[in-house]
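Chemist:
Protein chains: 2
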Amino acid sequence: MNGDDTTETRILSAADALFYEYGVQSVGMDRIRDASGVSLKKIYQCFPSKGALVEAYLRRRDRWARTALEERVADHTDPESRVLAVFDWLYDWVDGPDFHGCAFINAFGELGAGSQGVVEAVREHKSAVRTFLRGLAFETGAADPDWLASQLSVLLDGAMSNASISDSPTPARHARSAARTLMHSAATPAEAPTEPAALREEPRPVPPSPATTAPDS
Amino acid sequence: MNGDDTTETRILSAADALFYEYGVQSVGMDRIRDASGVSLKKIYQCFPSKGALVEAYLRRRDRWARTALEERVADHTDPESRVLAVFDWLYDWVDGPDFHGCAFINAFGELGAGSQGVVEAVREHKSAVRTFLRGLAFETGAADPDWLASQLSVLLDGAMSNASISDSPTPARHARSAARTLMHSAATPAEAPTEPAALREEPRPVPPSPATTAPDS
DNA sequence: CGGAAGCGAGAACGAGCGTTCTCGCGGCCG
DNA sequence: CGGCCGCGAGAACGCTCGTTCTCGCTTCCG
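For the record, the sequence lines run as chains D and Z. Residues in the first sequence are numbered consecutively from 1, following full-length UniProt numbering. Residues in the second sequence are numbered consecutively from 1, following full-length UniProt numbering.
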């Protein structure tokens, strides 16, 4: 009644579709007005500027992706299946007609660290997904769940970029099979037939880096 | 005489630096004029439009990345080391101060399939890198070099996106370790990858060269 | 019924940008 | 020396876009 079909929601739906399909900079406010049927005056009294609308768009996408992921994963109980469900969800999304890459990677590349709020929203989303993956990785009993989660995160982003550019869903399949292999290899070294962890992971010398690498900011 | 310090090259260098750092749409032609010291008239008589300049910029980046990769890989003879050299190169690049993500992913996301020539250049680059990876994957004796190359390509793109967004080079490390795991797993042919026992042969102790060799900045 | 407030459509404004044009200067060849 | 050509600096033009303003119209309340 109140939070479902409000004006704000209609604006956000239209903005989402347009921003995501054509990019943020290519879509003007008048196009959002035409698509949403909400007058410019009301748009500006809901969102004080285009930048605020873009941030709201990203946060909406964040909520959407997170709940979709959680629902999809909740269908499985086996830890390995739960991780693979992430990549199955990815495949379904990527295979749909309205897939145009990762909205956050796109926005980040487009606005290139120029907008403070956008960078913040993108980092929040990516770190939330990573935290989610870390939980799944932990369930699998991986020796280093953080490391495995980072690898899975790399696979996710890479599959989205690759699928968007090549306009084909197969990168999701590649990522899925890679995830499976990585999971098996990351199993607790005591029982894993792979080489001991000392060999499995190349010595990673931590160079004196400027290093904001700590748990996100 | 003609291809080294010509006016065209100065324009391209300036455009490359600006486009890559700030994005294509955020950089106007006057800024390229100021940075290159070439008058607008001459810029437009070298490149008939900004779009043509953008395409030339992407093709230049493509040549740069390909030669850098080939040089870096040529330093090694062991097939596994040759693949890992790709990710070591990635780490060095990503760790540098002037890294701002993959120029092709950025341009593709920014212009969102709007420009024909840009899409073409991006696809050409990505498929060239994949072909290169396929050659390396074949050398390792992988059962399915195409599949392995696709996985490595996903890792590469994901690591670049991840590193750019998190502003840290560690995703390159994650990608490197994942690449090694995938290589080992792909070495055994005709075996269901469900069984992690796929390691047929322990990795030869590679001289620990994570990143120390960096003659070029 | 009357007035006031809210609303939609669209004009208006100012800024930025891609592209072209003008103008004044300097070099080259006869 | 003189006309011609190319050149650089910058103005100019047309367009887009974010944001605000104006103007009628509707609607609600006393």
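Positions of the beta carbon are idealized from the N, C-alpha and C atoms, including for glycine.
#1: Does any residue of chain D have a CB that is nearer than 9 angstroms to the CB of alanine 128/Z?
#2: For chain D, is any of its Cβ atoms less than 9 angstroms away from the one on proline 171/Z?
#3: Check alanine 52/Z in the structure and name its three-state DSSP category.
#4: For alanine 74/Z, which three-state DSSP category applies?
#5: Name the residues in the UniProt DNA-binding region "H-T-H motif" (28-47) of chain D whose C-beta lies less than 7 angstroms from a C-beta of chain Z; which are they?
#6: Given a cut-off of 9 angstroms on the beta-carbon distance, is the pair alanine 175/D and alanine 159/D in contact?
#7: Examine chain Z for any beta-carbon lying closer than 9 angstroms to the beta-carbon of valine 118/D, and answer yes or no.
#8: List the residues of chain Z whose Cβ lies closer than 8 angstroms to the Cβ of leucine 156/D, in chain order.
#9: List, in order along the chain, the chain D residues whose C-beta lies closer than 7 angstroms to that of alanine 175/Z?
#10: In chain order, which continuous runs of the beta strand (DSSP E) of length 3 or greater are located wholly inside the segment 72-117 of chain D?
#11: Taking DSSP's pairing of strands, which residues face alanine 187/D in a bridge?
#12: Mind listing which residues of the segment 71-98 of chain D have their C-beta closer than 7 angstroms to chain Z's C-betas, in chain order?
#13: Can you find the residues in the same chain that come closer than 7 angstroms, C-beta to C-beta, to tryptophan 89/Z, ignoring five residues on each side of it along the sequence?
#14: Can you tell me the Cα-Cα spacing of aspartate 167/D and valine 54/Z, whole angstroms?
#15: Going by DSSP in three states, serine 161/D sits in which element: helix, strand or coil?
#16: So, is the C-beta of valine 54/Z closer than 9 angstroms to a C-beta in chain D?
#17: What is the residue span of the alpha helix (DSSP H) that threonine 9/Z lies within?
#18: Roughly how many whole angstroms lie between the Cα atoms of glutamate 110/D and glutamate 110/Z?
#19: So, tryptophan 93/Z versus serine 177/D, is the Cβ gap smaller than 9 angstroms?
#20: Indicate the three-state DSSP secondary structure (helix, strand or coil) for phenylalanine 47/Z in the structure shown.
#21: Do we get a CB-CB distance below 9 angstroms when we pair alanine 178/D with the residues of chain Z?
#22: Determine, for arginine 63/Z, whether the minimum Cβ-Cβ distance to residues of chain D falls below 9 angstroms.
#23: I think glycine 23/Z touches serine 115/Z, with their Cβ atoms under 8 angstroms apart; what is that distance to the nearest whole Å?
#24: Considering aspartate 30/D, what are the terminal residues of the alpha helix (DSSP H) in which it resides?
#25: Leaving out the 5 sequence neighbours to the left and right, which residues in its chain are closer than 6 angstroms to serine 36/D when beta-carbon positions are compared?
#26: Can you list, in chain order, the residues of its chain with a C-beta nearer than 6 angstroms to that of glutamate 8/D? Leave out the 5 residues immediately preceding and following it.
#27: If I'm right that arginine 31/D touches serine 39/D with Cβ under 8 angstroms, what's the distance once you round it to whole angstroms?
#28: Closer than 8 angstroms to a non-hydrogen atom of the ligand MG - does that hold for the CB of valine 86/Z?
#29: Can you tell which of Lys41/D, Ala103/D, Leu182/D and Leu133/D has the C-alpha that lies nearest to the C-alpha of valine 86/D?
#30: Within 10 angstroms of its Cβ, does arginine 130/Z collect 16 or more other Cβ (buried), or is it exposed?
#31: Could you check which residue in Arg123/Z, Ser127/Z, Pro48/Z and Ala163/Z has the C-alpha nearest to that of valine 122/D?
#32: If we ignore side chains and look at the alpha-carbon of each, how far apart do alanine 17/Z and glycine 101/Z end up?
#33: Kindly indicate if chain Z contains any beta-carbon less than 9 angstroms away from that of serine 26/D.
#34: Can you name, in chain order, every residue of its own chain whose Cβ lies under 6 angstroms from the Cβ of proline 145/D, other than the five neighbours on each side?
Modeler: Put simply:
#1: no
#2: yes
#3: helix
#4: helix
#5: none
#6: yes
#7: no
#8: Gly158
#9: Val154
#10: none
#11: Ala142/D
#12: none
#13: Ala68, Leu69 and Arg72
#14: 22 angstroms
#15: helix
#16: no
#17: 7-22
#18: 5 angstroms
#19: no
#20: coil
#21: yes
#22: no
#23: Wrong, their Cβ atoms sit about 14 angstroms apart, outside the cutoff.
#24: 29-36
#25: Arg10, Ile11 and Ala14
#26: Cys46
#27: With a Cβ gap of about 14 angstroms, arginine 31/D and serine 39/D do not count as contacting.
#28: Ligands are entirely absent from the displayed structure, and the ligand MG is therefore not among its contents.
#29: Leu133/D
#30: buried
#31: Ala163/Z
#32: 13 angstroms
#33: yes
#34: Arg134, Ala137 and Phe138
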